[in-house]
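One line per chain: the protein sequences are H, C and Z, in this order.
Mapping of the first sequence onto the numbering used here: residues 55 to 770, in sequence order.
Mapping of the second sequence onto the numbering used here: residues 3 to 206, in sequence order.
Mapping of the third sequence onto the numbering used here: residues 1239 to 1397, in sequence order.
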Amino acid sequence: MTEKKKVSRRKFLIRGGLGTIGVLAVGTYVFRNPLRRMGLEMAETMIPPYSGSGTEANLWFEITKENKVVLHSPKVEMGQGSFTSFAQMVADELDVNLDQVQVIGAATATGIVDALSTGGSLSVASLWLPLREMAATVREMLKGEAAKQMGVDASSLSTKDGTIEGGGKSMTYAEVAAGVTEWKLPKTPELRPVKDYKYIGQPIKRVDLEAKVFGDPIFGMDAEMPDMLHACVIRPEHVGATFKSADTSKAESMPGVVKIVQKEDWVGVVAETYAQAQAAKMTIKVDWDVPKQWTEEDIRGLLQVGKGNKMVTQKKGGAVDPADEDVVSMEFKSPIGAHAQIEPNGAVALVKDGSATIILSTQVIGVTQKQVSEALGLPLDKVNVIPTYLGGGFGRRLNTVHAVQAAQMSQEVGKPVKYFFTRKEEFQHDTFRPPTHHIMRGKLGADGYLDSLEHHYASGDVAINSVIMPAALHSILGTDVGAMRGGNIMYRGTPKYRAVQWHTTLPFATSWWRSLGLLANTFAIESFVDEMAIKAGKNPVEFRLASIGDEGADKRLKAVIEKAGESYRDEASNGRAMGFAASVDAGAPCAHVAEVSIENKEIKVHKVLCVFDCGIAVNPDQVRAQCEGSIVMGMSGAMHEKMTLKDGQLYPTIYGPYNMTLLRHAPKDVEVILIQGDDKPYPVGEPPMGPIGAAIANAVRRLTGERLTDLPLRLS
Amino acid sequence: MRSQKLLYVIPVLLCATILFAGGFANSEPDGAAESSSEELSSSSEENFDKMMAVLMHKRCVNCHPNDNIPKQGEDSHPHYFGMARGEGNLGYQATTCNTCHQSENNDYSGVPGAPEWSLAPESMKWEGLTRTEIAESMLDPKRNGGRTHHEVMEHLTEHELVLWAWEPGIDAAGNPRELPPVPVDEYIEAVKAWFEEGAVIPAE
Amino acid sequence: MKISFTINGQAQSIEIEDGNTPLLWVVRDMLDLKGTKFGCGKAACGACTLHVDGEAIRSCSYAVKFAEGKNVTTIEGLGTRENPHPVQQAWVEHVVPQCGYCQPGFMMATAALLEKNPNPTDEDIDNNIINVCRCATYVRMRKAIHRAAELTQSANQTS
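Dropping the structure here:
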């Protein structure tokens, strides 16, 4: 059942005849729906209407002389497959062949960039309606114009593969649009039934597949400008350190050094080659003020249920009495997590003659533009930010202050500057996944099912203090909506339940990490629910089903749990056991069944079954890929990864000591079953990660009897 | 890099010369005249001490593991990424020791290197052994690759991979690796002297 | 100093002051071949993997002076769209890449493995393919490696 969202259209500009850029350029399609209007409920299942931005000159589509359609995508491509899904959506409404569509990341000077970010698994879900509407509108515009040129009625014309035919005549889109500067804007046409689409719903091979297999230079790290110099910045090793002074005397005379750039609170080296910049950097001595040597105990002391700002995010019925001997209580913990994406952050920047060009991997093109504009005192329209393909995003690139530093260094030397983090800087200056602490409480009813279920949890910043979230939002909502993901109880048939969040800002930056609070929250809740099922002597699938509510969204969760439950076996056998867990994130329910064994004190995951309801799967193969990736990356977070503090520094600072899943750890068998429980696409990149930590811990529980309560999972 | 090596060797040589020329002042008993055989055995033991102080250092034992896993670092943790002996002591077929380790240290990456970088053969496992056991293993032709005493002495004093221990480079964090507790020239002298004096392993 | 080597079948000569500069930067910045990636610079992630005389080498820890007189192959030389290497063909068939940044390193490591072992077992794969993929595309990688082995063997049979 389609709920037609009314979006207020403010402007729909067309510009034709743009000469060197293209034949037809379709401009701004702007509509606004301020975040301020969203309540907590929406925040949980948030698929906000697309809130675009941009100036008049900006483009969505171009039709080139070669009769290709170029989509300037406001969302970037970081592996999640957004470009491919967009191409499918455009091709199906604009009536071009998929080969005729080219998707590029919109630059601020020429395209519409997302005012907020690419993230939240929202690219396809939020553009599902607007992008198809725009493509359909352009199709009708072309038909209308062709009808005028051919002297026939528009209704006699048909469109196919970028060509308009009717009355014995045929013209390509490019031919129709050539030289036209006045366009008639039709009413937004009805979109076609999803079942009639040729591309949407099909497992099309990624449009960027060959570029990535044949090593094309498509990433931020690969960007070049003529006469480019290389730079590095010296960052502190200690948490909370501030810059006092630097001795750069030796560096100035190192080979290839062009300039040492000294600002109020940082020092950078610009040299002819990267190797020379690094060698010079090693000779610089910085005097840091380190007020405190933070330890892991300090952090754990700050981050506890009962400390910080409290918010009851969900409440039904009274609270349990912890003194009641029938109340079960369990504590869970998760560590600091690093993004560790393989392409380091950085930028290529050129600031010259009052304008700036920045090329970089970013999830926040608009924010990058704003920060550079403010820091350099340049008007926004003089700052062009060009996004590239990202070598991993995962929330790491939702703040790009390094673009400002690259721009400032370029400004000082008057040439393009390429500046990239070292891997150590990536590990020490990440915007980490915050550590968490959870206290679960629950009580069984007389019928042996859940009577009470409570999730009390403490987290560092996820959404709070992020540059992409308006500060006002947190005052209104009073909670960290990122840390809250997966934190509410989804078993709404339980007579009494509540979720209580405790928030603390830590002394180092924490922010968005793929799936936000979902992985740790689901680990705590689903491990505890499993334990209660064992206490009740009931099958854990059946135990969960009995507590699911009756509303629409609950039915989708029920269907997913039932389907996955068909493959679940409660008894360990032949040294293997299964574990079950489920979660709902952004309205998309998911359940995992994980089969594990123990070998040499190591947990080995052999098979994972993932049942996932993402509504319409625009590209089912890419949805599966996101499920596979979520599962194995979730395994990495749940079983291997841990950042800690050593001598007041975030540690470790390199792959290897920062343990992650390798090919040898990935289950050989991952089966994904997709269920369509609604008639629109739901977020896909993050929700399938939710259940994996708990599913594995629940399997270990059945195999060994040991209940693991801390991530990363370690057998004693 | 060459100039750095030179700068490093000079103080080592100086140290070695001073210590050696000054005799083993600490161990000389007060005012007593030594009989020649006691002097011989005490100096032989000193040489043995020095030699084994080096050979039991992590710089050496890390690649003489008692299993198939090379050890790494100052804390001798198992080599990351599951690197293991493989076949021919050179790692796996396509991911060999040389995939990362070259014939010289690489300061940019912190990866150590020396010619013939590999694990010592399984028969030369030292990890967990006492110094007596290591010395016995070294002298045993069944375990030392069929070497004579002279060949063992040559290996210990001339092989580049052994001498690498005194130029172990910097690690991934840019910190210099810890050197063995005896300077290289003193070690070489001690090894040669110990073999010349009959390669006597003291009872302990 | 002057260093001469062959890269992707082409003779190449470079003039460089510091012969210890990692080959990675020479390939990327002097020869403008961007397919070989920088991920960590510490030989830990494998994104910089290329071939020197057919052997897999992590170019971030390989001094360019050692390339003198050798044959270097990067992802650009492994195969092309018109003439893909079996590894690349298998990677396309199984739609392995997500973000794609680590993939050239994995393909080069896999190609080196298949050269030595045309029919690797899962254990051989686990031991030899130890690069890091954050998107965790390993599930498809394993399938693609077996498929590449298949393609390699059938190519060997027909040649």
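The C-beta atom is built at its ideal place from N, Cα and C for all residues, glycine as well.
query	result
Taking a Cβ distance cut-off of 8 Å, strictly less, list which residues of the region 1280–1310 of chain Z are near chain C, in chain order.	Lys1280, Ala1281, Ala1282, Thr1287, Glu1293, Ala1294, Ile1295, Arg1296, Cys1298, Ser1299, Tyr1300, Ala1301 and Phe1304
Shortest alpha-carbon distance to Z/Leu1269 belongs to which of Z/Gly1284, Z/Gly1277 and Z/Gln1248?	Z/Gln1248
Between H/Thr302 and H/Asp319, is the Cβ-Cβ spacing less than 8 Å?	no
What is the residue span of the beta strand (DSSP E) that H/Ala288 lies within?	Reading off the sequence shown, one finds Ile at residue 288 of chain H, where the question assumed Ala. From DSSP, the beta strand (DSSP E) with H/Ile288 extends over Leu283 to Ile288.
I'd like to check one pair, Z/Asn1355 with Z/Gln1391: are the Cβ atoms closer than 8 Å?	no
For H/Leu343 versus H/Phe137, is the C-beta spacing smaller than 8 Å?	It should be pointed out that residue 343 of chain H corresponds to Asp in this sequence rather than to Leu. Against a cut-off of 8 Å, the Cβ pair of H/Phe137 and H/Asp343 comes out as no contact.
Against chain Z, with Cβ distances strictly below 8 Å, would C/Cys99 count as a contact?	no
Does the region 747–758 of chain H come within contact of the region 571–580 of chain H, defined as at least 3 CB pairs closer than 8 Å?	yes
What does H/Arg718 touch in chain C if you count any residue whose Cβ is under 7 Å from its own?	Gly84
Can you pull the chain C residues whose beta carbon is under 9 Å from the beta carbon of H/Thr707, in chain order?	Ala174 and Ala175
CB-CB under 8 Å to Z/Tyr1300, same chain, minus the five flanking residues each way: which ones, in chain order?	Pro1260, Leu1261, Leu1262 and Val1290
Alpha carbons only, please: which of H/Pro345, H/Ile314 and H/Glu350 is nearest the one belonging to H/Ala333?	H/Ile314
Please report the straight-line C-alpha distance between H/Met204 and H/Phe115, rounded to a whole angstrom.	24 Å
Taking one C-beta from the region 382–390 of chain H and one from the region 421–431 of chain H each time, how about it: are there three or more such pairs within less than 8 Å?	no
What are the start and end residues of the alpha helix (DSSP H) that includes H/Val359?	Element bounds for H/Val359: n/a, residue is neither H nor E.
Buried or exposed for H/Met693, please, with buried defined as at least 16 other CB atoms from any protein chain shown within 10 angstroms of its CB.	buried
Using the DSSP secondary-structure output, state which residues sit across from H/Ile493 in a beta bridge.	H/Glu385 and H/His510
So what does DSSP say about H/Val77, is it helix, strand or coil?	In this prediction, H/Val77 scores a pLDDT of 36, lower than 50, which makes its location untrustworthy; the coordinate-derived value is nonetheless stated afterwards. Here H/Val77 sits in coil by DSSP.
Cutting at 8 Å between CB atoms, please list the residues of its own chain near H/Gln703, excluding the five before and the five after it.	Glu291, His292, Val293 and Gln482
Suppose contacts are defined by Cβ-Cβ distances below 8 Å. Is H/Leu404 in contact with H/Ser464 by that definition?	yes
Compare the C-beta of C/Ser111 with all C-beta atoms of chain Z and state if any pair is closer than 8 Å.	yes
Closer than 7 Å by beta-carbon distance: list the chain Z residues that pair up with C/Asn64, in chain order.	Chain Z residues near C/Asn64: none, gap ~17 Å exceeds 7 Å.
Tell me which residues share the same chain as H/Lys317 and place their Cβ nearer than 7 Å to its Cβ, disregarding the 5 neighbours each side in the sequence.	Gln462
Mind checking whether the beta-carbon of H/Asn121 lies closer than 7 Å to any heavy atom of the ligand ZN?	Although the ligand ZN was asked about, the structure shown includes no ligands whatsoever.
Would you tell me roughly how many angstroms separate the C-alpha atoms of H/Tyr373 and H/Val359, rounded to the nearest one?	One point to set straight first is that residue 373 of chain H is Ala, not Tyr, in the sequence displayed. One C-alpha to the other measures close to 16 Å.
What residue does the beta strand (DSSP E) around H/Cys644 start on, and which one ends it?	Ala642 to Glu653
At a CB-CB cut-off below 7 Å, which residues of chain C make contact with Z/Lys1354?	Gln95 and Ala96
How about the region 471–479 of chain H and the region 432–450 of chain H: do they share at least three Cβ pairs that are nearer than 8 Å?	no
Of all the options H/Val248, H/Glu306 and H/Val311, which has the alpha carbon lying nearest to the alpha carbon of H/Leu283?	H/Val311
Distance, Cα to Cα, C/Val63 vs C/Cys99?	17 Å
Could you compute how far the alpha carbon of H/Gly108 sits from the alpha carbon of H/Val167?	For H/Gly108, the pLDDT reaches just 35, beneath the cut-off of 50, and the residue's location in the model is therefore unreliable, leaving the point undetermined.
CB H/Val516 to CB H/Thr476, shorter than 8 Å?	no
Flag H/Phe796 as yes if its beta-carbon sits less than 8 Å from any beta-carbon of chain Z, otherwise no.	Since the first residue of chain H shown is 55 and the last is 770, residue 796 of chain H is not available in this structure.
Taking the runs of the beta strand (DSSP E) that are 3 residues or longer, which of them lie wholly in the region 191–266 of chain H?	212–214, 217–220 and 223–226
Would a check of beta-carbon distances place C/Glu106 closer than 8 Å to chain Z?	yes
One question on the structure: do Z/Met1345 and Z/Gln1326 come within less than 8 Å of each other, judged by their Cβ atoms?	yes
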